[in-house]
Amino acid sequence: MRTTGRAAIPAVAQDRSRRASRSNSRESFMTSIPGARPNRSARRLAVGLTALALAATACGGGGSEEGGGGGGGGDAPLATDNPQPTGEPQEGGSISVALEGETNGWLPGVTAAAAPGYNVLYAVYDTLAMQTAEGTYEPYLAESIEPNEDFTSWTVTLREGVTFHDGSPLTAEVLAQNLAIIKEPTSNLAGSLAEVTGATVVDPLTVRYDLAAPNAAFPALLTTTPGMPFSMENYNAVGKEAASAAPVGTGPFVFQEWRRDDQLTVTANESYWGTDLGLGPYLDEITFRPIPDEDSRLQSLLSGDVDAFQTLRQSIIRQAQDEAADGDIALHTFLGNNAGNSIFNTLVPPLDDPRVRRGLVHAVDQAQLIEVLGGTGISPAQTQFFSEESPYYSEEVAEAYPDYDPERAEELLQEYVDDPQRSDGLPVGSPIALEYNCQPDPSLVELSQAYQAFWSNVGVDVSLNAVDQASHIQNAIGSPATDPPFMGDYEVNCWRSGSQNDPYIVLRNEFGPVAKQPLNFTNYTSDVIDEQLKVLATTEDLETRKEAVEQIGLDLAENTPRLWTGTTVTLIGTRPEVQNVSSWQLPSGSEGIGTGLFTGGTAMWGQTWLAE
Amino acid sequence: MARLIGQKLLTLVPVLLAVSLLTYLLLNLLPGDPALLVLGPESVSAESIAAVRAELGLDRPLPVRYLAWLGAAATGDLGRSYITQQEVTGAILDRLPVTLELMVLSLTIALVLAIPLGVFSAYRAGSRFDKLVTGTTFGLLALPNFIFALLLIFFLSVRLGLFPATGWQPLSDGLVENLQSAFLPALALSVTNIAVFTRLLRTDMITTLQEDHVTLARSKGLPTWRILFRHALRPSSFSLLTVAGLQVGTLLSATVIVETIFALPGVGRLLFDAINSRDLLMVQGVVLVLAVSFVLVNFVVDLLYTFLDPRIRSGAARVRA
């Protein structure tokens, strides 16, 4: 499918939560916990006291891997239909947005931005492409994005007259120079751009990206930092570090000042190319403030210090529900594919044996794990990489995923224990022993203990290991010195996986060759997956792609390299006056993916405004 | 006196060397590779790791790196962060005013409240007032800073709207705005010190009030306030001074939590972020600065003794004689 203007890029239509919210199944997830509704003061005090219980969690850093929390009350239903803007867009005014944390820098290739940082990046930069509410990919900053016949090259044509904030023009030459910088070996985008062999300038506004292998999902890559053009004039003048500290893009807002760990201020881009297309900006100024403490961030909104906040923590979402019920704040939620899980290192005995992995999954009651994480009524159970709202969700895979069956678990595990050829080399009859790693966050400690209880119940010795966030990720990646390289240094890790990205990108990262794909944390590979990935890379036909994803899902349900818990809801809460947070549009007029940008909890602030 | 100061300063050198060596070893011997953090999981490969390690100088042996770092640190250059690319010295200097202001405000609040409470509790030892103060201070001792911080935000910011819940207004934005943003975190930091100082002063004052010079002052008919604050407080304040010096260390560690809860751009928050992102050089730099601060504050406290208590000066003189 060719893509120009309104036409979609690969037909990877994904239902969005707004559409899904109309379904009965979605509503059932959002049904609140029943119970008497305390008065407002009592509830606010409860919020404060709950905060005390969660204080250690709050001081422990960013969002937990499972996105869970310690429960909390709240009987107001979570917004199933996000607030729609009322009235015409209004110009003027400024807002302050509280983010989960600070980001190391703002230059593509340097920035390690997660959901909080992307709120800033989408304000200062534009991306060449964007994802629609239907899950398709369309040009945004680009005029068109077209593949060749076999998807081994993609031609991007830019809009005329677009300039960076420093006045320099956006040209094909700039894109080619950008690519050379973000592909450098020390760039954190080198891995995701490894398939791009080069960029050829066709004419002043046209550049062709050549790939080493077919990739029908290439435009998906252009919706994040690889697709954010930055000013080469500025880069050449000030160097990488200064360009990262004071970004110059083409976005709806112009960077003004950054005081690390305090605030970053942007002001409206008066010569924004998208203004005539209805893409904003409407606000005069936005101040982004990193407030790492989850409770303080919510309290800052309630006290009026900020106008909006974002969170991925389920317990805070529950607290925000209470306030939203009184009309004090508006909730913009997103329920995508990101979900909690535990990953098994399939190269390490006894987890290299599928009987053990499947037995461990059978031994665990998902509903109870979700309850431990405070996600009951918010977070639906997950069985695959795509949630029920996604067109790639498969009922067949959901049925094939091992259900809670302790007896079957015992059978499978006993088979391994009694096997003279068991992979761990221990004598027949020796119990299976595992180490479970997770962060020392109170809710995650509870989660780890729940796993320990479930698995002990079927005869597995489980030792718990509390690991800080940085080590947790490093242990999952491993080292180039092992054989095979990057096989990881762990047995079972609590984890969070999945995004709204194209299935090819998601699954290629998760199950690529161990030595070449460090994101394959489980180290699981199979011929079925390799074969179906080729299909995903070479076709845009939705039905064919769905079939390929289902085949991969069935293979994963059978071999269980990971154990799923529940989908992670993300939230942007605002003062009610802040309008159009989750209903932004693309240049074609198509509706965007709402606050589900990146992994969720990210908005296009360029298109928001303040009601009079 | 100059010789005394010189001798004390000399004893600080091995302490600081030991602190720098231990923190350097501790952080660098932790499992994991900073290059992986710089690259991010997607871009990790043997080649990219080697390239980043070379760029950051991590391919040199540990002793060489330590000596290079130490030599630069002696000139005030604490290196450059692997993660944020900031100059460590610059980052610390940017944040130091926030943390120093918080600590000074916090100690001021603690002393302003603890001195009258401690003095009157001792003067009315066993009274209802004394029992109330004793009970309250025990309660405060059991209350961690972060809980107090969250309670302050809930009641004084969200409910009453008196102070901002989070954020920092620099002095350049105005003194009132600055103090408004600093007050709640400083109060949260002071809670333990209020209790400790009050308990300590009360105990010492009770002892002092039984001494002969106080009895003499009473017999001369001096007013009570004069006896309490002129004749009893000064000799009762040595323990308070010592503990106030030692509490600087506690305060420094408490700023890590309080600055995070109140989202303040101070040294504590810098350390918190650096630890979370395994930003080794930043952690190393901050720890060194905190260690130097702690040692220097206690050095100053030692010197203050000699001014507050003439017996120490004369004792030193007798030893020399």
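Line by line, the protein sequences give chains A and B. Letter by letter, the first sequence follows residues 31 to 642 in my numbering. Letter by letter, the second sequence follows residues 2 to 322 in my numbering. Glycine included, each C-beta is placed from N, C-alpha and C at the ideal position.
Identity of the residues DSSP links to residue i by a beta bridge
{"i": "residue 392 (chain A)", "result": "Paired residues: none, contrary to the question."}
{"i": "residue 120 (chain B)", "result": "Residue 120 (chain B) pairs with nothing; no bridge assigned."}
{"i": "residue 614 (chain A)", "result": "Answer by DSSP bridge pairing: none, since residue 614 (chain A) is not bridged."}
{"i": "residue 167 (chain A)", "result": "A:161"}
{"i": "residue 592 (chain A)", "result": "A:373"}
{"i": "residue 296 (chain A)", "result": "A:285 and A:316"}
{"i": "residue 129 (chain B)", "result": "Answer by DSSP bridge pairing: none, since residue 129 (chain B) is not bridged."}
{"i": "residue 639 (chain A)", "result": "A:609"}
{"i": "residue 79 (chain B)", "result": "None; residue 79 (chain B) has no bridge partner."}
CB contact check: residue i to chain A, cutoff 7 Å
{"i": "residue 270 (chain B)", "result": "yes"}
{"i": "residue 154 (chain B)", "result": "yes"}
{"i": "residue 61 (chain B)", "result": "no"}
{"i": "residue 167 (chain B)", "result": "yes"}
{"i": "residue 44 (chain B)", "result": "yes"}
{"i": "residue 262 (chain B)", "result": "yes"}
{"i": "residue 86 (chain B)", "result": "yes"}
{"i": "residue 33 (chain B)", "result": "yes"}
{"i": "residue 350 (chain B)", "result": "The structure shown does not extend to residue 350 (chain B), since chain B is modelled only from 2 through 322, so no value can be given for it."}
{"i": "residue 41 (chain B)", "result": "yes"}
Burial state of residue i, where buried means 16 or more other Cβ atoms lie within 10 Å
{"i": "residue 208 (chain B)", "result": "exposed"}
{"i": "residue 100 (chain A)", "result": "Note that residue 100 (chain A) has pLDDT 30, beneath the 50 cutoff, so the model's placement of it is unreliable and the number below is only indicative. Buried."}
{"i": "residue 238 (chain B)", "result": "buried"}
{"i": "residue 77 (chain B)", "result": "exposed"}
{"i": "residue 450 (chain A)", "result": "exposed"}
{"i": "residue 114 (chain A)", "result": "exposed"}
{"i": "residue 343 (chain A)", "result": "buried"}
{"i": "residue 130 (chain A)", "result": "buried"}
{"i": "residue 9 (chain B)", "result": "exposed"}
{"i": "residue 308 (chain B)", "result": "exposed"}
{"i": "residue 213 (chain A)", "result": "buried"}
{"i": "residue 6 (chain B)", "result": "exposed"}
{"i": "residue 199 (chain B)", "result": "buried"}
{"i": "residue 301 (chain B)", "result": "exposed"}
{"i": "residue 4 (chain B)", "result": "exposed"}
{"i": "residue 639 (chain A)", "result": "buried"}
{"i": "residue 221 (chain B)", "result": "exposed"}
{"i": "residue 323 (chain B)", "result": "Outside the shown range of chain B, which is 2 to 322, sits residue 323 (chain B), and nothing can be said about it."}
Candidates the options: closest to residue i by CA position
{"i": "residue 275 (chain A)", "options": "A:150, A:638 and A:118", "result": "A:150"}
{"i": "residue 634 (chain A)", "options": "A:197, A:362 and A:176", "result": "A:362"}
{"i": "residue 256 (chain A)", "options": "A:282, A:206, A:283 and A:243", "result": "A:206"}
{"i": "residue 622 (chain A)", "options": "A:154, A:290 and A:167", "result": "A:167"}
{"i": "residue 502 (chain A)", "options": "A:604, A:161, A:403 and A:373", "result": "A:373"}
{"i": "residue 365 (chain A)", "options": "A:574, A:341 and A:357", "result": "A:341"}
{"i": "residue 388 (chain A)", "options": "A:156, A:444, A:224 and A:117", "result": "A:444"}
{"i": "residue 335 (chain A)", "options": "B:179, B:176 and B:166", "result": "B:166"}
{"i": "residue 514 (chain A)", "options": "A:495, A:554 and A:244", "result": "A:554"}
{"i": "residue 189 (chain B)", "options": "B:162, B:87 and B:146", "result": "B:146"}
{"i": "residue 301 (chain A)", "options": "A:292, A:192 and A:377", "result": "A:192"}
Short CB-CB distance (under 7 Å) between residue i and chain B
{"i": "residue 242 (chain A)", "result": "no"}
{"i": "residue 109 (chain A)", "result": "Low confidence applies to residue 109 (chain A): its pLDDT is 38, below 50, so where it sits in the model is not reliable enough to give any reading."}
{"i": "residue 323 (chain A)", "result": "yes"}
{"i": "residue 100 (chain A)", "result": "Residue confidence is low: residue 100 (chain A) scores 30 on pLDDT, short of 50, so the model does not pin down where it sits. Its coordinate-derived value is still stated next. For residue 100 (chain A), the answer is no, since every Cβ of chain B falls outside 7 Å of its Cβ."}
{"i": "residue 632 (chain A)", "result": "no"}
{"i": "residue 345 (chain A)", "result": "no"}
{"i": "residue 619 (chain A)", "result": "no"}
{"i": "residue 51 (chain A)", "result": "Per-residue confidence for residue 51 (chain A) stands at a pLDDT of 34, beneath the threshold of 50, marking its modelled position as unreliable; no derived number is given."}
**Asked** Residues in the stretch 284 to 314 of chain A with C-beta within 9 Å of chain B's C-beta atoms, listed in sequence order?
**Response** Per Cβ criterion, the list reads 289, 290, 291, 292 and 293.
Margin query: Against chain B, which members of the stretch 584 to 601 of chain A pass a CB distance test of less than 8 Å?
Written below: Flagged: no residues at all.
Identify each residue in the stretch 87 to 119 of chain B for which the Cβ-Cβ distance to at least one residue of chain A is less than 7 Å, and report them in chain order.
So nothing in the stretch comes that close.
Q. Using a beta-carbon distance cut-off of less than 8 Å, what residues from the stretch 48 to 78 of chain B approach chain A?
A. From the stretch 48 to 78 of chain B, only 48, 49, 50, 52, 53 and 56 have a Cβ closer than 8 Å to chain A.
Listed in chain order, which residues of the stretch 482 to 508 of chain A have Cβ atoms closer than 7 Å to some Cβ of chain B? Using a CB distance below 7 Å, the part of the stretch 482 to 508 of chain A facing chain B consists of 499, 500, 501, 503, 504 and 507, ordered along the chain.
- request: Quick one: which residues of the stretch 202 to 219 of chain A get their C-beta closer than 8 Å to a C-beta of chain B? List them in chain order.
  value: Of all residues in the stretch 202 to 219 of chain A, the ones placed with a Cβ closer than 8 Å to any Cβ belonging to chain B are 215, 216, 217, 218 and 219, in chain order.
Next on the checklist: To be precise: take each residue of the stretch 117 to 135 of chain A, compare its Cβ to all Cβ atoms of chain B, and keep it if any distance is under 7 Å. Which residues remain?
Outcome noted: The stretch 117 to 135 of chain A vs chain B, Cβ under 7 Å: 132, 134 and 135.
Margin query: Please list, in chain order, the residues of the stretch 166 to 186 of chain B that have any C-beta partner in chain A closer than 9 Å.
Written below: Answer in chain order: 166, 167, 168, 169 and 171.
Can you list, in chain order, the residues of the stretch 221 to 254 of chain A whose Cβ is nearer than 7 Å to any Cβ on chain B?
-> For the stretch 221 to 254 of chain A, the residues whose beta carbon sits under 7 Å from a beta carbon of chain B are, in order, 221 and 222.
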